[in-house]
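Novice: My questions will all concern the structure given below.
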Amino acid sequence: MESIASDLNHTLPRRDWRGFVRMDTHCHSHASSKPYNTLAGLIDCPECYSPPEKVYDQAIARGMDLVTISDHDTIAGALELAERGFERFIIGEEVSVQFPEDRCMVHVLVWAISPEQHEQIATLGLRNDVYRFAHWLCEQNLPHAFAHPLYAQNGKLTRWHVERAALLFKGFEVRNGAHADVQNRAIERFVDTLSPGLIHRLVDEHGIEPLWPRIWEKARTGGSDDHGLLNTGRTWTGVPIAPKESIDDPHEFFRRVMQTRSIVGGVGGHSALLAHQLATVGAHYYARRLHEQRSPSGRYLGSRLLRFAGVRASTPGKLRLAAYKTTRRLWKPRTARALPIVRALKANIGPLLDKYPELRTR
133 MESIASDLNH TLPRRDWRGF VRMDTHCHSH ASSKPYNTLA GLIDCPECYS
183 PPEKVYDQAI ARGMDLVTIS DHDTIAGALE LAERGFERFI IGEEVSVQFP
233 EDRCMVHVLV WAISPEQHEQ IATLGLRNDV YRFAHWLCEQ NLPHAFAHPL
283 YAQNGKLTRW HVERAALLFK GFEVRNGAHA DVQNRAIERF VDTLSPGLIH
333 RLVDEHGIEP LWPRIWEKAR TGGSDDHGLL NTGRTWTGVP IAPKESIDDP
383 HEFFRRVMQT RSIVGGVGGH SALLAHQLAT VGAHYYARRL HEQRSPSGRY
433 LGSRLLRFAG VRASTPGKLR LAAYKTTRRL WKPRTARALP IVRALKANIG
483 PLLDKYPELR TR
């Protein structure tokens, strides 16, 4: 619990970042509406419920100078802001693509993508062939990064795929705020080892010519990969600027990123943080799909618990609740055994509130 509270209640270590322009380059909104997690797919649970404007506001509030939204295989959420003229904003997308040899799926973050280019990905069938997609990226000269490179989307990722990606993509996401920090450190070490000699060896081994100049010099990015308005702006990409210089145009920001002039900063992920993100998405799912099907007492308990996740849900009135309880006592005199989760909450909620009194305000 302490690690979760620390992540939620504290900002990044205090430091003067005026010499950098920063952006959380990996954020999601409610447009990431498809279940990309296998278990979530069983109940058709979306990956994110965050309104785009709240993602934007949270990023700015946490010190980001520029903002993007990079939803899964859609730019609908980003377009909500772009079409309303939000300043210092750029459209992003997290594109799912496959290696044709074995259907290993990987994700690639793409920024400054237009609606026409987004449509081309589908019409040209680029998601089915990572090599064609990589060539298209290069032809379009789009800023990009291989997202969370060590995360196995469908259980097929190996070093063979990562080495090929190193030849195909100029940008690598080396710090992801949702995945285990051990993966961040490992991929950063891998990127650090890239050299002209190693690239020549990989070219000979894989038979793939690099698509970008000086491919061993990677454009490094970092982003929160936030799905629940918990950590937007806590992991970021930064570009150094000269005294009195500023960058208000995200296109210029990414031009410098692709010139390998960026740094990454902020927090990495861990299991408690990932669990909290999943719990937040689950709370939204329950509130929208299941809450109204519960009994009055169930809705009362549910609405109280959902408040801890910052999720609003209807609460039955006192008269309705009293009438339900009276009717239940008349027709069901035997008291049903409480659910295990209710018994656990009764046993632990008091000490938890004593330890974290700020939760009482929710």
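For the record, in the sequence shown the residue sitting at position 201 is 333 according to this note's numbering, with numbers rising by one throughout. Every residue, glycine too, gets a C-beta built ideally from N, C-alpha and C. All values derive from a computational prediction rather than experimental measurement.
Look up Cys159 in the DSSP assignment and give the residues it is bridged to.
Specialist: For the purposes of this step, residue 159 is taken as residue 27 along the sequence shown, with counting starting at 1. Per DSSP, Asp358.
Novice: Could you tell me which residues DSSP pairs with Ile223 in its beta bridges?
Specialist: For this step, residue 223 is matched to residue 91 along the sequence shown. Bridge partners of Ile223: Ile201.
Novice: Between Ser327 and Glu349, what straight-line distance do the alpha-carbon atoms span, to the nearest angstrom?
Specialist: By 1-based counting over the sequence shown, the position of residue 327 is 195. By 1-based counting over the sequence shown, the position of residue 349 is 217. Cα to Cα, Ser327 sits roughly 8 Å from Glu349.
Novice: Assign Glu271 to one of three DSSP states: helix, strand, or coil.
Specialist: Sequence index remark: in the sequence shown, residue 271 carries index 139 (1-based). Reduced to three states, the DSSP call for Glu271 is helix.
Novice: Please list, in chain order, all residues of the same chain as Phe301 whose beta carbon is under 6 Å from its beta carbon, the five residues on each side excluded.
Specialist: Here residue 301 corresponds to residue number 169 of the sequence shown, with the count starting at 1. The residues are Phe278.
Novice: For Pro372, report the span of its beta strand (DSSP E) as first-last.
Specialist: Stepping through the sequence shown from its first residue, residue 372 is reached at position 240. Residues Thr367 to Pro372.
Novice: For Ser394, does the count of other Cβ atoms within 10 angstroms reach 16, so buried, or fall short, so exposed?
Specialist: Walking along the sequence shown from the start, residue 394 turns up at place 262. That one is buried.
Novice: For His338, which option in Ala298, His383 and Gly355 has the closest C-alpha, if you only look at C-alpha atoms?
Specialist: To locate residue 338, count along the sequence shown from 1; it is residue 206. Ranking Ala298, His383 and Gly355 by Cα distance to His338 puts Ala298 first.
Novice: If I follow the unbroken alpha helix (DSSP H) through Phe322, where does it start and stop?
Specialist: Counting from one through the sequence shown, the residue named residue 322 turns up at place 190. Counting along the chain, the alpha helix (DSSP H) containing Phe322 begins and ends at Asp313 to Thr325.
Novice: Quick check on the burial criterion: 16 or more other C-beta atoms within 10 angstroms. Buried or exposed for Leu174?
Specialist: Residue numbering aside, residue 174 sits at position 42 when the sequence shown is read from its first letter. No answer about Leu174 holds up, because its pLDDT of 44 lies below 50 and its placement is not dependable.
Novice: What are the boundary residues of the beta strand (DSSP E) that Val238 is part of?
Specialist: The residue you call residue 238 lines up with position 106 of the sequence shown. Note, Val238: beta strand (DSSP E), Met237 to Trp243.
Novice: Measure the Cβ-Cβ separation of Ser182 and Leu361 and say whether it is below 7 Å.
Specialist: Within the sequence shown, residue 182 is the residue found at index 50, counting from 1. Within the sequence shown, residue 361 is the residue found at index 229, counting from 1. Yes; because the gap between Cβ atoms is below 7 Å, this pair is in contact.
Novice: DSSP three-state call for His276: helix, strand or coil?
Specialist: Taking the sequence shown and counting its residues from 1, the one referred to as residue 276 is at position 144. Residue state, collapsed to three classes: strand.
Novice: So, using beta-carbon positions, are Thr255 and Arg307 closer together than 7 Å?
Specialist: On the sequence shown, position 123 is the one that residue 255 refers to. On the sequence shown, position 175 is the one that residue 307 refers to. No. Outside cutoff.
Novice: Since Gly370 and Phe152 are thought to touch, with beta carbons under 8 Å apart, how far apart are those beta carbons, to the nearest angstrom?
Specialist: The residue given as residue 370 occupies position 238 in the sequence shown. The residue given as residue 152 occupies position 20 in the sequence shown. So it is a contact: roughly 4 Å between Cβ atoms.
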